[in-house]
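Peer 1: Take any residue in the sequence shown, note its place counting from 1, add 11, and you have its number in my numbering.
Positions of the beta carbon are idealized from the N, C-alpha and C atoms, including for glycine.
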Amino acid sequence: MEPWFADRIGAGLWLDGKNRPYGLMTLAVDDEAAASTGLAELQRKKGAKKFGFVLRKDYALVTVGNEAAQDAVEAAAAEADRETLAAAGQFRRGLEWLPARQTALAWIDLGKLGAMVKAMMDTALDGLEEDLDAEMPFGRVGLSGGLFPGMGGLTQDDDLKGQLILGARAANNGVEIRFRGFDIPAPAPAGTTDARSAVDALPADSAIAGSLRVGDIGEALANEMLGTTAPLPEEMFEGMPPAEAEEVRKQLQESRDKMQAIAEAFAAVSGAKLTLSVTKHDDLGFLVAGETTSAENATTLARSLEMLGEDGDVTVTASGNKVELKSKGYAAGGGSLGGEALYRQALEGAPEQANVVFYVDVQRLLADAGLTSEERAQVKPVKAIGLAAGLDGQDQVGLLRIVIE
């Protein structure tokens, strides 16, 4: 790096008055004269249209673009002179929530991001419409409400809201990343938020473990496009030899049946609590347990899973509103994860009301994985990964920790 660079950097995305996006960087400076000379030399090589910079006390604001980079960075600096991000109340609220001395920090204003994406889309669509006007005698086709009728697009009804802050820092036992979404509309999870207790109870020798409460995905995924009971049109087989037509008909029907099973499985699993345990003994094996919202959904889900697992490598059982999908290689040892020190380290400080919990015992998972000595040395310090997310009041919060020893 340049000798004047003071080892701190910031980056952001900014839109100028003509809705043109620019990436901005702030570079900490400990020698302003040397920074001015070095950046000016770089600008002479690249040109002021492609590289722009402004020097302020202790930092340089820099941008790279395809046009008017210097004009853009001066406009961005003028905005910062009026109010910096550090002075914004919403940003300060997020910063105060995070523990002190973060090594890396990210902040997203979702409302401004949504407005930026819309502006960029509108600019692109205006250009496309102008091109179409030049080529089509019947005039403009009106794309601004969405890319095409019925296919959606970013409309005024799809406004993003809220802010997201993320901080990463070194902890006593590794690296932790904490995040919180402020004022982001989110439906409350169905049922109780007991994902942590569900994972606590999984076998102690789980190499991978997790639990989550599935949202209502049935409406989105279990639709007519995934399966249909309508007969195959006979026109498809005209001109084929009878034996070939029968084989094609059989293959197509099997595919349709599986797609229908997928649709039914998606519908049945909506609102369910799922837990996952992956063990590694002679081979990897897995157990997925689902607690559905009704015995009828459990029966439907089991039937669909049996159809999708015809090769016999997995077994499906259902009892009441519970379903289990187990592979041949799954074998659980004694004890539970809740009693394991490494697991507790990975999830230390996790949200109390977590509706998603995920855990990986890295060394157990990679044991006998055929790694070279160099690869084993690289991953040896990484012991485990823990992830938990849930609600704190109305805000979404989460923790990701990588345990390193």
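1) In terms of alpha-carbon separation, which member of D82, K68 and R207 lies closest to Y354?
2) Compute the Euclidean distance between the alpha carbons of G381 and A388, then round it to the nearest angstrom.
3) Tell me the residue span of the beta strand (DSSP E) that contains K291.
4) Less than 7 Å between C-beta atoms, sequence neighbours within five positions excluded: which residues of the same chain meet that for Y341?
5) Can you name the start and end residues of the alpha helix (DSSP H) that M247 belongs to?
6) Secondary structure at G192, three-state DSSP: helix, strand or coil?
7) Around the C-beta of G221, are 16 or more other C-beta atoms found within 10 angstroms, so that it is buried, or is it exposed?
8) Rounded to whole angstroms, what's the CA-CA distance from K61 to G21? Just pull it up for me.
9) Give a yes or no on whether the C-beta atoms belonging to L8 and A130 are separated by under 8 Å.
10) Can you find the residues in the same chain that come closer than 8 Å, C-beta to C-beta, to Q54, ignoring five residues on each side of it along the sequence?
11) Find the nearest neighbour of V75 within the set E90, A83 and D69, judged by alpha-carbon distance.
12) Following the continuous beta strand (DSSP E) through S338, name the residue where it begins and the one where it ends.
13) Excluding five sequence neighbours on each side, which residues of the same chain lie with their C-beta closer than 7 Å to the C-beta of E43?
14) Can you list, in chain order, the residues of its chain whose CB lies under 6 Å from that of F159, leaving out five sequence neighbours each side?
15) Is it true that the CB of Q101 sits closer than 8 Å to the CB of F193?
16) Quick check: what's the CA-CA separation for D18 versus T303?
17) Quick one: give me the first and last residue of the beta strand (DSSP E) that T328 is part of.
Peer 2: Based on what the coordinates show:
1) Nearest option by C-alpha distance: R207.
2) One alpha carbon belongs to G381, the other to A388, and they sit about 13 Å apart.
3) Element bounds for K291: K284 to K291.
4) Only T290, G296, F297 and L298 meet the Cβ criterion.
5) Run containing M247: none; DSSP gives neither H nor E here.
6) In the three-state scheme derived from DSSP, where H, G and I count as helix and E and B as strand, G192 is classed as strand.
7) By the neighbour-count criterion, in which 16 or more other beta carbons inside 10 Å mark a residue as buried, G221 falls on the buried side.
8) Distance between the alpha carbons of K61 and G21: 19 Å.
9) Absent from the structure is residue 8, since the part of the chain shown begins at 12 and ends at 416.
10) For Q54, the CB contacts under 8 Å within the same chain, skipping 5 residues up- and downstream, are F62, G63, F64 and Q81 in chain order.
11) Closest by alpha carbon: A83.
12) Annotation for S338: the continuous beta strand (DSSP E) segment containing it runs K333 to S338.
13) Result list for E43: L66, in chain order.
14) Because the pLDDT at F159 is just 28, under 50, the model does not fix this residue reliably, and the value given afterwards should be weighed accordingly. Excluding positions up to five away in sequence, the list is empty.
15) Contact: yes.
16) Answer to the nearest angstrom: the Cα atoms are 52 Å apart.
17) V325 to S330 is the span of the beta strand (DSSP E), which, as asked, contains T328.
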